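Numbering (our numbering), first residue to last: 161 to 356.
Next up, the structure:
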């Protein structure tokens, strides 16, 4: 929800930063891959208990994840291929972080399993909404706003890194938000498809 509500107000900052990448002739796909690799390394740092380093690298990865689309729009290089890579790599980064937490603190396995189930449910409803609803925005497909989006995920991961004693409670609460988000979309899709 934070992504959708605040994006317009912070996009000028991303545009300025993105223009630096454009001047350096860094391609959107290169930024996407760098964000992906950074996120995977952040997951590895979590596994080894290097939580502050993981936190910093996670947010660098997140910034790059925003800038790839910004640079693509600034250079007129937006593509379905780039959007596809971005969506897949984002989920893999999230999986790497949760896997890192599992390796760090396996006693919270239930929360991690529920995260993956919730992520599958939430992302499936997101993709179906993207396929069924007309795209009226600047993204490559319809972007259905939800309670639990990318920024909320990063905030929860950050809190888990800063307060490792609360990993279970934080992740369980976020798992619930993901299920609620997916359920809201699921009902919305059923209603829309019934009227068609």
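All C-beta atoms, glycine included, are put in the ideal place defined by N, C-alpha and C.
Just so we're clear, the structure is a prediction, and the values are computed from it rather than from any experiment.
Sufficient close CB pairs (3 or more, under 8 Å) joining the region 242-252 to the region 342-354 = The region 242-252 makes no contact with the region 342-354, as fewer than three CB pairs between them are under 8 Å.
Between 249, 293, 326, which lies nearest to residue 268 when the distance is taken from Cα to Cα?
-> Position 108 of the chain shown holds residue 268. Selected option, being the one with the closest Cα: 326.
C-beta atoms of residue 227 and residue 202 nearer than 7 Å | In the chain shown, counting from the first residue as 1, residue 227 sits at position 67. In the chain shown, counting from the first residue as 1, residue 202 sits at position 42. For the pair residue 227 and residue 202, the CB atoms are not nearer than the 7 Å cut-off.
Which of helix, strand or coil does DSSP assign to residue 438?
-> It is not possible to answer for residue 438, since the shown part of the chain is limited to 161 through 356.
Top-ranked residue by Cα proximity to residue 281, from 251, 223, 264 | By 1-based counting over the chain shown, the position of residue 281 is 121. Restricting attention to 251, 223, 264, the CA atom closest to the CA of residue 281 is found in 251.
Residues in its own chain within less than 7 Å of residue 334 by CB, not counting five upstream and five downstream?
-> Position 174 of the chain shown, counting from 1, holds the residue named residue 334. Here the set comprises 308, 316.
What are the boundary residues of the alpha helix (DSSP H) that includes residue 292?
-> Within the chain shown, residue 292 is the residue found at index 132, counting from 1. Note, residue 292: alpha helix (DSSP H), 269-292.
Minimum C-alpha distance to residue 215 - residue among 314, 292, 173 | Residue numbering aside, residue 215 sits at position 55 when the chain shown is read from its first letter. Selected option, being the one with the closest Cα: 314.
Ignore the nearest five residues each way along the sequence and tell me which others in residue 237's own chain have a CB closer than 7 Å to its CB.
-> What you label residue 237 is simply residue 77 of the chain shown in a count that begins at 1. Same-chain partners within the cutoff: 188.
Residue 322: buried (16+ other C-beta within 10 angstroms of its C-beta) or exposed?
-> Here residue 322 refers to the residue found at position 162 when the chain shown is read from its first residue. The C-beta of residue 322 has fewer than 16 other C-beta atoms within 10 Å across all chains shown, which makes the residue exposed.
Assign residue 208 to one of three DSSP states: helix, strand, or coil.
-> Taking the first residue of the chain shown as position 1, residue 208 is located at position 48. Looking at residue 208 - three-state DSSP - the assignment turns out to be coil, as it is neither helix nor strand.
Pairwise C-alpha distance: residue 338 and residue 249 = Position 89 of the chain shown, counting from 1, holds the residue named residue 249. Position 178 of the chain shown, counting from 1, holds the residue named residue 338. Going by the C-alpha atoms only, they are around 19 Å apart.
Measuring CA to CA, which of 320, 277, 305 is closest to residue 290?
-> To locate residue 290, count along the chain shown from 1; it is residue 130. Taking only the C-alpha atoms, the option nearest residue 290 is 305.
Thinking C-alpha only, which one of 259, 348, 345, 319 is nearest residue 200?
-> Locating residue 200 in the chain shown gives position 40, where the first residue counts as 1. Out of 259, 348, 345, 319, 259 has the C-alpha closest to the C-alpha of residue 200.
Checking contacts by CB at 7 Å: is residue 212 closer than that to chain C?
-> The structure shown has no chain C; it contains just one protein chain.
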